[in-house]
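Q:
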Amino acid sequence: MKNGNLYKGRLAVLYSIAAFLLVFCLFASNTPYGTAWKAYAAEGTLTESVNLEGVVYKEIEPGKMQLVEWAKNISWKEVIEIPETVTYDGKEYTVVSIGDNAFYNNAGKQSIAEVVFPDTIESIGENAFCFCTAMNSLNLPPNLKEVGNTAFLNCYAGGELTIPASVTRIGADAFRGMKISSLIILNPDTVYERSAFSDNRSLVSITLPDGMTSLGGKGFLSRCVSLAQIDLPESLTSIPDGALSSCTGLTEIQIPLSVNTIGGSAFYGCTGLKEVVVPEGVTEISVQTFCNCSEELSVTFPDSVTSVHNWIFWNDSVGREKYSKSVTVKCTSREVAALVAGIGHQKIELNGEPYELLAFDTDKYTFTITDSERRYVQLDKWKGAQPSGEIIIPETVEWEGNTYTVKTIGTSAFSTCSKITKITLPESITGIGKDAFMSCTGLESINLPDGLTRIEQWVFCACHALKEVELPQSLTYIGGFAFKECESLQTVDIPESCELIDTSAFWDCTGITNVTLHEGLTEIGDNVFSGCSGITEILLPDSLQKIGYYAFQNCTELANIKLGQGLIEIGGGIFQGCSKLTGTMLLPDSVTTIRQDAFADSSLSGVHVGGGLTILESGAFPDSIRLTTNSPEVWKLLSKNTSRENAPVLVWDGTCDVPAGMHTYVEGSIVITGSVTIGEGAVVTIMPDASLTIDNGGALTNHGEIEGEGVFTINGSLSGTGTLGEGIQMTFLLTGDMVADVGDAVYSAEPIVPEPEVSIMLGEKKTTFEKDVDFIYSYVNNTNPGTADVTVTPKEGGKLLGEAVTKRFTIGKAGQTAPSACNLTFTENKDKQTFTAAIERTEGAEYSFDGETWTDGNTKSDCQPNTAYTAYVRMKETDTHFASDVVKATLKSPELKKNGGNTGNEGGTEKPGGTENHLPAPEILKLRAAAGKKGVSVQITVNPVAGADRYEIYRISGKKTTLVTTTLPGKTQIRDEKPVQSAKYYAVSVSKDGSLKSAAGKVKALKLAKGTKIKKVSSTSRGIKIIWKRGKSVKKYVIYRSTKKNSGYVRVKTLGKKKLSYVDKKAKKGKKYYYRIAVVTKSNPSLMSTASKRAKCLF
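Using my numbering, the letters of the sequence shown correspond one by one to residues 10 to 1108.
1) For the beta strand (DSSP E) that E93 lies in, which residues bound it at each end?
2) So, with DSSP's three-state summary, where would you put S746?
3) Can you round the beta-carbon distance between A898 and L833 to whole angstroms, since I take them to be within the 8 Å contact cut?
4) Given a cut-off of 8 Å on the beta-carbon distance, is the pair S397 and K428 in contact?
5) Just mark E759 as buried or exposed, buried being the case when its beta carbon has 16 or more other beta carbons within 10 Å.
6) Counting beta carbon pairs with one atom in the stretch 844-858 and one in the stretch 870-888, are three or more of them shorter than 8 Å?
7) For R850, which three-state DSSP category applies?
8) Consult DSSP for G916 and reduce its assignment to one of helix, strand or coil.
9) How long is the line joining the alpha carbons of A491 and M447, rounded to whole angstroms?
10) State the DSSP-derived secondary structure class of K645, mapped to helix, strand or coil.
11) Write down the C-beta distance between L195 and A174 rounded to the nearest angstrom, noting that I regard them as a contact closer than 8 Å.
12) Below 8 Å on the Cβ atoms is my contact criterion, and I expect V1047 with T1090 to pass it. Report the Cβ-Cβ distance as a whole number of Å.
13) To the nearest angstrom, how far is the alpha carbon of S1092 from that of R1039?
14) Going by Cα to Cα distance, which pick from V643, K86, G575 and A609 is closest to G582?
15) Considering only their Cβ atoms, is the gap separating S614 from L590 smaller than 8 Å?
16) When the Cα atoms are used, what is the spatial distance from I487 to K431?
17) Taking the alpha-carbon positions, what's the T981 to M747 distance?
18) When DSSP labels each residue in this structure, what does K1034 get in the three-state scheme?
19) Excluding the 5 residues flanking D871 on each side, which residues of the same chain have their C-beta closer than 7 Å to its C-beta?
20) Using a Cβ-Cβ cut-off of 8 Å (strictly less than) and excluding sequence neighbours within five positions of T260, which residues of its own chain qualify?
21) So which of E362, K808, N793 and E837 has the shortest CA-CA distance to V767?
22) Please give the ranges of any beta strand (DSSP E) in the stretch 345-390, keeping only runs that are unbroken, at least 3 residues long and fully inside the region.
23) So I352 packs on I321, CB below 8 Å; how close in whole Å?
24) Starting from the Cα of D325, find the closest Cα among A350, D312, V296 and G489 and give me that residue.
25) Apply the 10 Å Cβ neighbour rule to N158 and answer buried if 16 or more other Cβ atoms are within range, or exposed otherwise.
26) With a CB to CB cut of under 8 Å and the five nearest residues on each side skipped, what residues in its chain are close to S513?
27) Nearest CA to the CA of K804: which residue from A813, L498 and G220?
28) What first and last residue would you give for the beta strand (DSSP E) that runs through Y332?
29) Under a three-way DSSP split, which group does Q119 fall into?
30) Using only CA atoms, which one of G167, G731, F276 and D389 lies nearest to E689?
31) Please state the DSSP three-state secondary structure of R1060.
32) Excluding sequence positions up to five away, which residues of its chain have a Cβ less than 8 Å from the Cβ of A368?
33) Write down the C-beta distance between I503 and L475 rounded to the nearest angstrom, noting that I regard them as a contact closer than 8 Å.
34) Taking only three categories from DSSP, how would you classify G922?
35) Are the stretch 102-114 and the stretch 124-142 touching, with three or more C-beta to C-beta distances below 8 Å?
36) Taking 8 Å as the cut-off, does the stretch 116-125 touch the stretch 57-75 (at least 3 CB pairs, one atom from each stretch)?
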């Protein structure tokens, strides 16, 4: 095989952003899957076949058993009781299935009188009770879903048989040859394979459900000779091939007007029928539909009929002579009458009068007039010597003064004309009858007009020299054997208009090398390309729904095939003998049915089965083919219907839950984008070179075990009680939530290097990552006061992946030690009336005489005598330090002295409070509001004062003053965890022993942003959804959650300003939650909103 469909080695699993897309193609590889794959049964996950007291069982899915073989002796007229449960190795299992041949190989099967089924039975396999001839009656279990082929063949059970409403499929010959007298069917949608109830010769009554659209499958009630009458439901649209064939006791049948299809041999051999009316809407009367019925039969054909098979009423020349003159065909359309006459039938009534066949001859051909207005004719046969060479069919002919348009070529018109080499058809031709050019062995070329819609059966069969034929764009149908054995044909281009290629249409066309099939084709019949040994590649359109049995048998050069995404049914033996078709084939999710021996004798090494399979017949996959699937339900079906040597492997694609106890494998690159669960006791093995990723937004709940040697990357949510194997290479996408916030720092004249914790919660367990192993740090401005950044970057080879994450923090200015004293002196001025006060200078200090205006000047020159003055000194604020606490001194200026003298006077130093036994009042240095992990809070920073051990922080809201808290000794920061919308704060200094307190410091105000409110909370399949109103001037929204209405809130998500909803995927099933939301603006956050209504997580 060539092109992009090839690969060497393991199965490739492809993903788009949203979902896993299977590209339906072949992968060429004969490389066996490595020993890294563990045998499912060898691990003990599923129980191998075990013999329990003479009955053999096998586990087909965790906790469920199939009865494989009843090996113990069966006595005459024994009643067999199938157990509901069995116990093995201390564990109880439910019996849900009867396997293929379960009783068939028991020598005593013909002694079974009755079988008692438990309600747990869901399927009965092929041949399970075949030839249990002593069975008296049969009662099927109420939860039965499927009955396999020949399951009860020739079980002579009699009486009434009811098919439960739960049954969805009944296999071929399942109840054939029984002795039931009454049949009741409850489910109108049950699917029937061929001859499901045939040969029930005692059947006299059948009840069919309303809503049934098809009368079973092929041969549904064939040879039920005692059935005299059947009431068909008005919903019926189809009577399949042979459905009532050889029902000799049937004396009347009323076909509902809804029926538009009657299959071949539908009433074959119904000798008791005297009259049948075919309803309007039926377009084709198929082969042997009324063959070998009574000579007294009268059949009415509607005007809608456009095609009549040669052998409607007979199957040989003797029958033709007998029935063409005795069976009456009634019709109201001359066109229909002409069609019937064209197959050689003679007894025709047109509008109640004998049909007059208007035929005439020309010098070359015989014609029949086909329409009531006598405008069109059919060319029936050549006349005279057999034509040869190149012939041209005329578009019109003259007869008795009238001109007729040649519209159709009749049945067998040029059959066996071996000397014809070329045929030119006029554009007027719209129909070519069956066998028209069959065995024209010398025919090399023919044109097909654009108006042609059908190529009937055998038309070009055995035209060995036919090299090329251009099929018209109007063509809708290619009949059976139409081009069989056209060995010279090289190219086939099926037009878009064609819907069906019927049985063996191109059988043994060994010269074909190129086949083009277009969208529009829905079915390829049995053996269509069988024996086409020159075809190397074929691409099947997505419109194709069904491939018949042996469709590509012995296409020995076929090396590449692409199957369409709309394929529903795959017939048996389709690739038998295709020796160059190797590797692994992917079946799309659309495939629901795989027939018996479908892949038998093929050269494929593996088949990956899509998730839609519901019907799998026995022997579909030989033991040489390795089976994989992404679907747990399909895995169960494969496990039930295949031998343990060919045990299927569940390859997980991350889109569905892994059921409890199941073992599945990960190959390729699997991305979990939704919410999925690994059940208890389940095992997921990540193969070497494979990876499993939980995408951002994805959520995996693990209650089982994830093991293996592949890579497990967690970008989303991982929770659950399960375990992770030691061999797994776990990696994580670094996100901002994984990096802890960095606290603000204070200038220290040295680089500040905070190390934020990098961690993640896996279920209840916290995983912390290592610096210089999993990540490294870098800083921007970690020295000077102001904004600073610390950046965490994943380190190559560590457990973290992705882009760097930056956390911002603030470096605040440091405090300064206040001057040791404020020394004040007075000096008399020259005016002898005033004094100059001077504060002793300290390097880096600033001075004030009113406590508000600070300058570098340390003097006041207009002091009045005998007057008290207060002086203030503090260290100036710099780029790196805040201003120090204030030291002050109060001193009276001297009195004026009459006799002069020294008027200087030193004042004593006064500590904050005005005297040495009082503390100075502190200032609020900084108010900072933030939406943190546990809610909105306000951080308050106090400018330290000398002598204070701690600080009381007060909040003023309206007329209410509240003590928020007291700082720890030596600390200047606290958080107000219960802030209000608008408040003022001030601080009070407290001494170490608490005996001294300062006056209230200066008030500082803070106003929080205006918040929003939650409109709605609700439980969805993905989690709890929260919807809120849009806020004003929003920079981001912060979502909080708690199990209590008024406390315990924790931040769960921070979202951008454009978001107005959020789905909490981390909510746990069954728990009830409240939610609050805060708004963050450029300046400040808002308070958390009022609590939402309580919401329960249902999924």
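C-beta atoms are modelled at their ideal positions from N, C-alpha and C, and glycine is treated no differently.
A: According to the data block:
1) Where E93 is concerned, there is no enclosing beta strand (DSSP E), because DSSP gives it neither an H nor an E.
2) For clarity, residue 746 is Asp in the given sequence; the question names Ser instead. For D746, the three-state secondary structure derived from DSSP is helix.
3) Confirmed, about 5 Å.
4) Yes; because the gap between Cβ atoms is below 8 Å, this pair is in contact.
5) Counting the other CB atoms within 10 Å of its CB gives E759 a total below 16, which places it among the exposed residues.
6) With a cut-off of 8 Å, the stretch 844-858 and the stretch 870-888 count as touching, because enough Cβ pairs lie within range.
7) Reduced to three states, the DSSP call for R850 is coil.
8) Annotation note: pLDDT 38 at G916 (below 50); position unreliable, coordinate value reported separately. Of the three classes helix, strand and coil, the one that applies to G916 here is strand, per DSSP.
9) Taking the straight line from one Cα to the other gives about 9 Å.
10) Helix at K645.
11) Indeed, because the Cβ distance is near 4 Å, the residues count as touching under 8 Å.
12) Wrong, their Cβ atoms sit about 12 Å apart, outside the cutoff.
13) Distance between the alpha carbons of S1092 and R1039: 18 Å.
14) Its Cα nearest to that of G582, the residue A609 stands out among V643, K86, G575 and A609.
15) No. Outside cutoff.
16) Between the C-alpha atoms of I487 and K431 there is a straight-line separation of about 21 Å.
17) If you take the alpha carbons of T981 and M747, they lie about 29 Å apart.
18) DSSP places K1034 in strand when its eight states are reduced to three.
19) Excluding residues within five positions, the ones whose Cβ falls inside 7 Å are T843.
20) Answer for T260: A237, Q238, G281, L282 and K283, listed in chain order.
21) For the set E362, K808, N793 and E837, the Cα lying nearest the Cα of V767 is the one of K808.
22) Taken in chain order, the complete beta strand (DSSP E) segments of 3 or more residues contained in the stretch 345-390 are 357-359, 368-370 and 374-378.
23) Sure, about 7 Å apart at Cβ, within 8 Å.
24) Here the closest residue by C-alpha is V296.
25) Under this definition N158 is a buried residue.
26) Within its own chain, the residues whose Cβ lies closer than 8 Å to the Cβ of S513, once the five positions on either side in sequence are excluded, are G489, F490, K493, G534, D535, N536, V537 and S539, listed in chain order.
27) Check the Cα spacing between K804 and each of A813, L498 and G220: the tightest is with A813.
28) Segment S326 to Y332 is the alpha helix (DSSP H) holding Y332; no beta strand (DSSP E) there.
29) Helix, per DSSP.
30) Of the candidates G167, G731, F276 and D389, the one whose C-alpha sits nearest the C-alpha of E689 is G731.
31) If DSSP states are grouped into helix, strand and coil, R1060 belongs with the strands.
32) These residues qualify, in order along the chain: T375, F376, T377, I378 and D389.
33) Contact between I503 and L475 does not hold, since their C-beta atoms are separated by about 16 Å, which reaches or exceeds 8 Å.
34) Because G922 carries a pLDDT of 36, less than 50, the predicted location of this residue cannot be relied on, and the following value inherits that uncertainty. Coil at G922, not helix or strand.
35) Counting Cβ pairs under 8 Å, three or more are found: they touch.
36) No, the stretch 57-75 is not in contact with the stretch 116-125.
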